[in-house]
Every structure is written in C-alpha cells, then in structure tokens.
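A.B. asks: Right, I'll just put the structure down here and ask away after.
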Amino acid sequence: MSALEGRRVLLVEDESLVAMLAEDMLVDLGCDVTVAMRLDKALAHARNGSFDLAVLDVNLGAQRSYPIADVLFERGVRFLFATGYGFAGLEQAYRTIPVVQKPYRLEQMQDILIHVMTCTMRPRKDAPADAGCGCRPAMSGALRFQAEGFA
C-alpha cells in the first residue's frame with residue numbers, strides 16, 4: 001500500500017492533456033483526485049472541499065494560482081506548485097513552497113507528494129526564501145527527484 005493511498009488531492013491545471021496525465025499519475029498512486037481547470041472552480045474547491053494535498057499549476061492562462069494558495073494556507077492544507085519554470089516562475093512571497101518541475105514523472109510526483117505530506121515544517125507565505133523545508137538536511141540523500149529547492 002502506498003503512503004498516498006486514499007489521499008484526497010486537489011489538482012489545479014488548465015491544460016487538459018497535462019491535467020489528464022497528472023490525474024492518471026495521482027490515481028495510479030492511489031489518490032482520490034478532484035480536478036479544477038479554472039481559477040474560480042479551483043477557489044471554490046479550495047474553500048469548500050476537504051483535501052489532504054493540492055498540486056497547483058502556477059499559470060492558469062492569464063491568471064496565477066496564488067489566490068488558491070492563500071486559501072490553502074489559511075485552511076492548513078499542504079500543497080505544492082507545478083511549473084515548467086521552477087522557482088524562477090514564482091513570486092518571492094511563495095518561494096518556500098515546494099515546486100515540481102513539468103513535465104511530470106511518476107516517481108518524482110510520488111516522492112514530492114510524500115515529502116509535502118510528511119514534512120515537519122509547514123511553509124509560510126512571505127517566509128524568508130532560505131527558510132524552506134526543515135527536512136532538507138535529513139532527506140538530502142533520500143529524495144531521488146530533481147525538483148528545484150530539494151536537490
């Protein structure tokens with residue numbers, strides 16, 4: 001049984017093919033996935049849904065997913081950003097949040113989601129950029145993916 005088995009995941013992704021790929025990966029990992037492809041729908045899910053984790057595409061067309069991140073911060077829901085631009089694609093206030101690099105790979109997705117779910121230090125908005133994850137030193141050899149900030 002996977003550590004992700006039965007976890008409820010909000011997936012916010014505006015590109016339909018990428019959303020399908022990511023959803024399939026999450027389902028293969030045992031997650032129960034809710035997909036939102038627009039900012040308004042994602043905000044409604046973030047405010048009213050019950051999720052263990054969320055994966056937020058940074059760029060949703062001409063909009064950014066930061067309002068969703070702010071709701072998740074308020075509710076204490078753990079999340080990560082997904083982008084092809086790495087940390088360079090994030091506003092400074094959100095640079096302590098883990099980032100998974102697109103295109104997705106199953107093992108990479110699994111490792112970073114388990115890390116986000118089990119990390120002892122929750123990221124905060126506007127935290128110093130070097131605050132990051134308190135687990136990094138202990139996990140440096142354990143993580144096999146190259147998500148920026150964790151390698």
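Heads up, the sequence shown is in UniProt numbering, so the first residue is 1 and it goes up one at a time.
A virtual CB, placed ideally from N, CA and C, is assigned to each residue, including glycine.
1. Express the C-alpha separation of arginine 78 and leucine 72 in angstroms, rounding to a whole number.
2. In the structure shown, what three-state DSSP assignment does arginine 105 receive?
3. Mind checking whether methionine 109 and methionine 25 have CB atoms under 8 Å apart?
4. Please say whether alanine 54 and valine 100 have beta carbons closer to each other than 8 Å?
5. Indicate the three-state DSSP secondary structure (helix, strand or coil) for threonine 83 in the structure shown.
6. Pull up the CB-CB distance for aspartate 28 and glycine 6, whole angstroms please, since I reckon it's below 8 Å.
7. Please identify the residue among Glu13, Leu90, Glu91, Ala22 whose C-alpha is closest to the C-alpha of glutamate 107.
8. Could you tell me the distance, in whole angstroms, from the CA atom of arginine 38 to the CA atom of arginine 64?
9. Helix, strand or coil for aspartate 32? Go by DSSP, reduced to three states.
10. Whole angstroms is fine: what's the gap from asparagine 59's alpha carbon to aspartate 52's?
11. Could you check if alanine 3 is buried or exposed, using at least 16 other CB atoms within 10 Å of its CB as the buried criterion?
12. Between alanine 19 and aspartate 40, what straight-line distance do the alpha-carbon atoms span, to the nearest angstrom?
13. Kindly indicate which residue of Ala93, His115, Arg75 has the alpha-carbon position closest to the one of leucine 50.
C.D. replies: Looking at the coordinates:
1. Their Cα atoms are separated by approximately 7 Å.
2. coil
3. Result yes, Cβ atoms of methionine 109 and methionine 25 sit closer than 8 Å.
4. no
5. strand
6. With a Cβ gap of about 14 Å, aspartate 28 and glycine 6 do not count as contacting.
7. Ala22
8. Distance between the alpha carbons of arginine 38 and arginine 64 is about 10 Å.
9. strand
10. 22 Å
11. exposed
12. 17 Å
13. For clarity, residue 50 is serine in the given sequence; the question names leucine instead. Minimum Cα distance to serine 50 is reached at Arg75.
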